[in-house]
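The structure appears below as structure tokens.
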Amino acid sequence: MSARTWPEAMDYRIAALQDAPLIAQMNKQLIDDEGHRNPMSIAELEHRMSDWLSGAYTAILFVRGGEPCGYALFRREPDHIYLRQFFVCRQHRRCGVGRAAITWLRRNAWADVPRIRIDVLVGNQAAIAFWRSVGFHDYCLTMESDGDKASS
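What the sequence shown shows, in the numbering used here, is residues 1391 to 1542, in sequence order.
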């Protein structure tokens, strides 16, 4: 399949608590790929994911050819969906999987919600380009200061 071809049919399913180890592995790849400074181990990520899946978050797994190829982790807020994590496995990128997943989520899991919010690290230019290509736009910029480096 060409790198630009729409992916063959994908299946989508709500992740169960038993999927936390799989999602934690993908979450570790996401952290590495986006250059996030989160130092958590796979075991810590699995524990956190279990807590989230047992609480307010829902995860949808994307499955292609019987193989999990990504996930979306989100929670419903009163007026929007907060999409906390969205990940496509490296070997499934640049062939329409992410775009197909966002389309499916908007038509199915989020059909009743008018707004979706995401956080993207400002240095992650590939992610920023992807999100803009699927209809997202800048809304706010979160800034921080390292206390000891603040200028007077």
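No residue lacks a Cβ here, since even glycine has one placed at the ideal position from N, Cα and C.
Option nearest Pro1517 by Cα separation, candidates Glu1534, Met1430 and Gly1488: One detail in the question is off: residue 1517 reads as Ala in this sequence, not Pro. Ranking Glu1534, Met1430 and Gly1488 by Cα distance to Ala1517 puts Gly1488 first.
Contact check, Leu1443 vs Leu1407, beta carbons under 8 Å: yes
Counterpart residues of Pro1429 in DSSP-defined beta bridges: Looking at the DSSP assignment, Pro1429 forms no beta bridge with any residue, so it has no partner.
Status (buried if at least 16 other CB within 10 Å, exposed otherwise) for Ile1404: exposed
Per-residue burial, Asp1419 [other beta carbons within 10 Å of its own, 16 or more giving buried]: Contrary to the premise, residue 1419 reads as Gln rather than Asp in this sequence. It is exposed - the Cβ of Gln1419 has fewer than 16 other Cβ atoms within 10 Å.
Beta-carbon gap between Ile1471 and Tyr1402 smaller than 8 Å: no
Ala1501 versus Met1430: straight-line alpha-carbon distance, rounded: Their Cα atoms are separated by approximately 33 Å.
Cβ-Cβ separation, Trp1521 to Val1503 (assumed contact under 8 Å), whole Å: Rounded, the Cβ-Cβ distance is 17 Å, inconsistent with contact.
Beta-carbon contacts of Asn1498 that lie in its chain and below 8 Å, excluding the five residues immediately before and after: If you ignore the 5 residues before and after Asn1498, its C-beta comes within less than 8 Å of the C-beta of Tyr1402, all in its own chain and listed in chain order.
Alpha carbon of Ala1490 to alpha carbon of Phe1452, nearest angstrom: 10 Å
Start and end residues, alpha helix (DSSP H) containing Glu1457: No alpha helix (DSSP H) contains Glu1457, which is instead part of the beta strand (DSSP E) from Glu1457 to Arg1466.
Rounded separation between Ile1508 and Ile1432 - CA only: 23 Å
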